[in-house]
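Protein chains in written order, with our numbering: chain A, 24 to 676; chain B, 3 to 591. C-beta: ideal position from N, C-alpha, C; glycine also. First the structure, in the form of structure tokens, and then the observations on it.
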């Protein structure tokens with residue numbers, strides 16, 4: 024794949040690896056590494072365990088397990104500095120280590136992404152700060168792929184919307200600053216949502232703070248608007264909660280729904296996909312009870328086959344796989360046709376590639392079969408039907424019977440909650456009587472501990488009663504209030520054409536293909552900025568009444584101001600300017616016509632389908648612009664409602 | 003008697019006999035190749051190769067070594083004594099014929115428009131590069147402006163003749179001299195030599211100027227050298243804040259108007275100076291202009307401006323900072339005033355809540371009590387109830403939670419109190435079940451409990467729970483169905499099939515039973531599914547393996563195409579039957 028212009032993700036990977044390794048190298052000799060569980064995955068993305076071993080890591084422990092032993096003199100802790108609980112745990116373990124062990128340990132703590140005052144304080148109060156060395160690993164964005172960057176921060180969704188803790192906004196701003204320093208200021212910061220606005224303000228603030236810093240001279244270079252980045256679009260997850268609640272229907276999305284993908288890896292039962300090719304013989308010999316064994320498979324664009332499949336609607340994955348299989352077989356057979364030795368040699372050279380492809384084909388065929396089984400179950404289709412009916416605006420109460428039945432049949436709580444939250448967000452709350460009824464049924468079916476779950480969902484605004492203060496219909500554009508406090512899907516369904524009836528899954532013509540007919544609102548908003556013409560054509564049916572010269576590069580939200588009034592949260596559009604004269608001079612020198620990058624930041628998380636949709640939008644820009652997706656985390660419906668679910672029950676004792 | 007030897011004590015470089023009777027009071031290096039001996043009012047300078055000089059003074063003299071010479075301090079003057087540098091000696095030694103000296107002469111001649119200038123240049127042509135270098139060096143050593151000019155002129159003249167010459171040295175020297183001359187001005191009085199300046203570096207020089215409060219010159223100098231001026235501004239402002247006698251508002255105004263919009267200004271330092279001076283009001287005012295919250299907040303905390311510190315931390319969006327402030331304040335303030343700080347600061351409250359969760363339940367309870375957030379308080383107790391291990395304490399906690407909500411009438415509270423009551427009842431029931439059946443029912447949800455009871459064949463008990471907890475009919479039927487299927491109690495299922503109607507329809511029964519492989523039993527439910535179309539029912543028959551029945555179903559609605567399709571699935575015996583049905587229609591037509 025060609026390197027991305029604008030933001031070079033490999034660069035970020037390299038830097039992160041180098042930083043980590045040099046910190047590890049700073050501790051001489053062999054060492055035990057104690058790592059926070061949620062950091063292990065992200066770090067695995069850019070540094071392999073074997074690499075860590077090369078740098079003297081002997082054993083790795085999880086901080087949460089609290090099972091550190093005293094086998095090595097050197098101990099390195101690696102944890103997130105933003106969380107006090109982690110810090111307290113570390114302080115406790117260090118103390119324990121000092122008491123239990125007979126030798127003097129050299130302990131160092133590496134905070135990600137920065138050393139915080141609070142952790143200093145806690146370590147100081149625990150009386151260990153003096154005995155250890157403290158470092159920071161400035162790990163901000165981690166590339167999940169060429170065009171997807173995410174924060175290495177655990178569970179930002181719950182933090183932001185349930186606990187209303189804006190740490191992740193701050194971290195996002197901190198992560199965006201190096202990009203600004205490297206590539207220049209984002210010439211335009213545009214977005215939707217209250218938290219998005221906060222992020223924008225933080226970015227501006229950090230810019231002035233950076234200017235006030237001592238080494239101002241080093242930053243001054245970056246104070247010019249970037250030439251390679253066109254704009255930063257910030258979308259607050261809160262703006263569009265419906266999208267993550269729906270079942271994702273792209274191949275990758277579906278795998279995520281079924282097995283869960285974490286840090287580009289999915290753990291899948293070996294009974295489905297078979298053993299890893301390397302360990303097959305050994306595993307068979309040693310243990311007969313392989314049934315429950317799980318295997319991790321890597322899911323990213325390095326697997327060429329997967330790269331083709333991941334963003335496709337699941338409906339066409341089967342045929343696609345078929346085609347690939349036939350092509351592979353054909354190529355393999357071509358060896359018989361090889362006439363000369365040189366042709367034969369060519370074939371042999373390609374052989375390892377074939378084998379890898381063959382292996383990946385096998386894995387994905389198995390996965391697809393499993394997914395097909397899943398999508399053909401009755402309940403799956405019932406759920407999908409309810410979802411489709413709800414988003415297309417049928418009377419929600421007609422779906423209640425199905426939902427009640429699903430509760431009685433003891434479907435996973437997350438599934439039920441997703442449906443109920445979906446209804447609540449789309450229609451601005453449930454009728455109090457219905458809501459009460461559902462709550463009772465949920466408590467009966469899943470346990471009274473979910474009183475807390477329901478309370479949490481209400482706090483997040485996902486499952487609420489429709490009241491006078493929370494009116495169902497907000498007159499579009501009426502009342503003069505430019506910021507509404509909930510997203511009015513009924514108005515938007517038409518004005519942004521969220522429902523596209525005739526989607527072509529085979530050869531998609533609109534982003535709606537990712538949900539087989541529903542276009543994610545969040546991505547529609549992005550389109551309203553970078554794909555105005557297309558969106559106007561789509562929503563109005565004809566392009567004639569669109570303003571003829573939409574120089575979309577400079578118009579921001581133009582043309583969609585009215586629509587935005589029915590979307591929750593504040594709207595903003597800020598242009599960052601540098602020194603006028605310098606900008607002019609540089610424009611003279613460089614000229615335009617370069618491919619520009621649009622950075623899309625999803626605050627609070629993005630779903631895999633939205634990434635797919637954004638990639639689709641990116642393709643539609645015909646190489647004029649590139650889209651890079653930044654986010655605080657990749658999420659799905661499981662994470663959204665999972666954040667609220669109470670895990671304890673009355674079973675103790 | 004003085005011997006100058008190399009540091010390894012091997013070679014003697016110079017030897018000098020002072021012929022004095024008393025030992026010298028002081029011995030110092032003067033530069034790196036001369037030694038100075040001092041008596042009370044007499045100084046001897048010993049150069050290399052035994053060269054020496056003597057100086058006499060009126061009073062006591064003290065030596066202060068510098069890197070390229072020695073400062074002599076007497077009662078009334080301070081003199082700087084330095085060995086004449088080589089380059090200067092090279093040029094100005096009487097009768098010198100060194101290229102540099104010739105070059106200097108050439109410039110002289112040029113001024114006089116004498117052709118000798120050209121002759122001079124020709125003479126030293128091969129060594130011109132060195133000559134220019136020496137002239138530049140010598141200019142640096144020179145204290146007299148006239149000679150500096152003269153030497154630089156010579157250098158400039160020389161380099162204009164050279165074909166290839168990098169003027170960097172020349173330019174640097176001009177710059178340095180300009181600075182040195184400015185320093186040597188009697189109003190400033192910093193008579194630095196070039197070597198001293200090089201050693202000192204320009205940054206330190208500026209620092210010295212700042213220490214002498216020569217701000218204007220320092221800024222001009224910084225601008226000239228393209229160095230940052232922010233430190234100068236900050237120092238000026240700090241000084242202003244410390245010493246100014248004007249009232250605080252005026253000071254703040256002057257400082258701010260001067261420093262605003264300048265890059266790299268740390269108002270924190272200025273504010274700290276003001277605070278140290280006891281002008282805390284001024285300090286707060288100044289801190290408002292500090293953009294970096296990380297700098298503002300600790301000082302504000304130190305100044306006990308708690309509220310402002312918290313607000314500034316919140317403004318910065320840095321939760322770490324907020325948390326830090328809150329930690330400090332919680333320790334310092336009584337709980338009531340701490341909570342008062344939290345009111346109207348939702349983010350701060352959120353931080354306290356999320357950090358206290360699981361760590362400091364009591365704090366949360368107090369907080370919720372203070373804010374009258376009963377629901378949250380009740381939830382907290384509910385959470386504690388979940389953590390109890392004995393049924394009795396669980397219900398006790400639940401009762402407490404219910405009490406907290408009181409007899410509030412709003413719908414959420416009613417739901418809560420009712421759920422609490424139900425939860426208590428369920429816990430009691432489950433405890434009873436655990437006791438009776440010696441099985442682990444505790445922790446199951448109500449539906450799960452019923453399901454398990456049905457599964458284990460305790461239908462009566464299940465039914466009692468259903469009526470006690472007012473489980474909706476539909477749910478009850480589903481639970482029964484699932485329970486019986488799991489138990490494979492097909493007799494009971496058959497019994498159920500005799501009922502006239504089921505609230506969940508019969509299709510569900512069909513599907514669930516078919517799932518167990520009991521085709522015959524499943525078939526019982528097919529005719530009961532009256533809500534479905536004939537085609538669907540026919541399909542259900544097929545699933546039970548009863549093709550003929552399926553055919554009959556289709557025949558009823560005269561679906562010939564369906565019948566023909568069906569024929570493909572039929573076995574030998576059945577096929578005939580289907581054919582017969584098809585034929586029936588054909589013939590009729």
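Report all residues from its chain with a CB closer than 6 Å to the CB of residue i; omit the five preceding and five following residues, and keep chain order.
i: residue 25 of chain A; result: The predicted position of residue 25 of chain A is uncertain, since its pLDDT is 39 and thus under 50; a value taken from the coordinates is nonetheless stated next. If we look at residue 25 of chain A and ignore the five residues flanking it on each side, it has no Cβ neighbours.
i: residue 337 of chain A; result: 272, 274, 277
i: residue 561 of chain A; result: 520
i: residue 509 of chain B; result: 531
Please name the residue or residues paired with residue i in a DSSP beta bridge.
i: residue 46 of chain B; result: B/39, B/56
i: residue 28 of chain B; result: B/40
i: residue 649 of chain A; result: A/620
i: residue 64 of chain B; result: B/75
i: residue 129 of chain B; result: Partner(s): none; residue 129 of chain B has no beta bridge.
Please determine, among the options, the residue with the shortest C-alpha to C-alpha distance to residue i.
i: residue 229 of chain B; options: B/542, B/20, B/208, B/189; result: B/208
i: residue 636 of chain A; options: A/398, A/275, A/349, A/412; result: A/275
i: residue 258 of chain A; options: A/130, A/544, A/124, A/645; result: A/544
i: residue 466 of chain B; options: B/315, B/501, B/428; result: B/428
i: residue 589 of chain A; options: A/215, A/209, A/34, A/189; result: A/215
i: residue 197 of chain B; options: B/346, B/502, B/224, B/140; result: B/140
i: residue 644 of chain A; options: A/583, A/652, A/580, A/553; result: A/553
i: residue 35 of chain B; options: B/75, B/182, B/71, B/570; result: B/71
i: residue 328 of chain B; options: B/307, B/320, B/350; result: B/350
i: residue 24 of chain B; options: B/31, B/42, B/33; result: B/42
i: residue 276 of chain B; options: B/250, B/300, B/295; result: B/250
i: residue 438 of chain A; options: A/599, A/403, A/412; result: A/403
i: residue 290 of chain A; options: A/320, A/600, A/263; result: A/320
i: residue 374 of chain A; options: A/585, A/465, A/358, A/415; result: A/358
i: residue 59 of chain A; options: A/583, A/228, A/226, A/83; result: A/83
Once you ignore the five residues that flank residue i on each side, which residues in its own chain have a CB closer than 7 Å to its CB?
i: residue 587 of chain B; result: 560, 562
i: residue 579 of chain B; result: 550, 553
i: residue 324 of chain A; result: 24, 168, 169, 330
i: residue 453 of chain B; result: 481, 484, 485
Sorted by chain position, which residues of the same chain lie with C-beta nearer than 8 Å to residue i's C-beta, five sequence neighbours on each side aside?
i: residue 457 of chain A; result: 420, 423
i: residue 180 of chain A; result: 260, 627, 628, 655, 656, 658, 662, 663, 666
i: residue 312 of chain B; result: 324, 327, 328, 331, 343, 347, 350
i: residue 580 of chain A; result: 213, 551, 552, 587, 594, 596
i: residue 159 of chain A; result: 104, 133, 134, 135, 136, 137, 138
So if I threshold CB-CB distances at 8 Å, which residues from the segment 409-433 of chain A count as touching chain B?
427, 428, 430, 431, 432, 433
My parser needs the alpha helix (DSSP H) runs of 4 or more residues fully inside the segment 500-561 of chain A; what are they?
512-518, 544-553
Can you list, in chain order, the residues of the segment 179-205 of chain A whose Cβ is nearer than 8 Å to any Cβ on chain B?
Residues 182, 186, 187, 188, 189, 190, 192, 193, 196.
Could you pull out every unbroken alpha helix (DSSP H) segment of at least 4 residues lying fully inside the segment 312-347 of chain A, listed in chain order?
327-332
So within the segment 147-227 of chain B, which uninterrupted alpha helix (DSSP H) runs reach at least 4 residues, ignoring any that extend past its ends?
Those alpha helix (DSSP H) runs which fall completely within the segment 147-227 of chain B and span 4+ residues are 147-163, 170-186, 196-202, 204-213, 217-227.
Residue ranges of each alpha helix (DSSP H) run of no fewer than 4 residues wholly in the segment 364-389 of chain B, ordered along the chain?
376-389
Where are the beta strand (DSSP E) runs, 3 residues long or more, that stay fully inside the segment 226-293 of chain A, in chain order?
252-259, 288-292
Taking any Cβ of chain A, which residues in the segment 490-509 of chain B have a Cβ under 9 Å from it, in chain order?
506
Contact residues within the segment 270-296 of chain B, judged by C-beta distance below 9 Å to chain A:
Along the segment 270-296 of chain B, going in chain order, the ones with a CB nearer than 9 Å to a CB of chain A are 292, 293, 294, 295, 296.
Check each residue of the segment 372-384 of chain B: if its Cβ is closer than 8 Å to any Cβ of chain A, include it; give the result in chain order.
377, 381, 384
In the segment 100-127 of chain A, which residues sit with their C-beta less than 7 Å from some C-beta in chain B, listed in chain order?
105, 107
Taking only runs of the alpha helix (DSSP H) that begin and end inside the segment 430-483 of chain B, which ones reach a length of at least 4 residues, in chain order?
448-457, 461-471
Using a beta-carbon distance cut-off of less than 7 Å, what residues from the segment 524-546 of chain B approach chain A?
none
Pull out every residue of the segment 457-473 of chain A whose Cβ sits closer than 8 Å to any Cβ of chain B, in chain order.
For the segment 457-473 of chain A, which is checked against every Cβ of chain B, the residues closer than 8 Å are 459, 462, 463, 464, 466, 467, 468, 469, 470, 471, 472.
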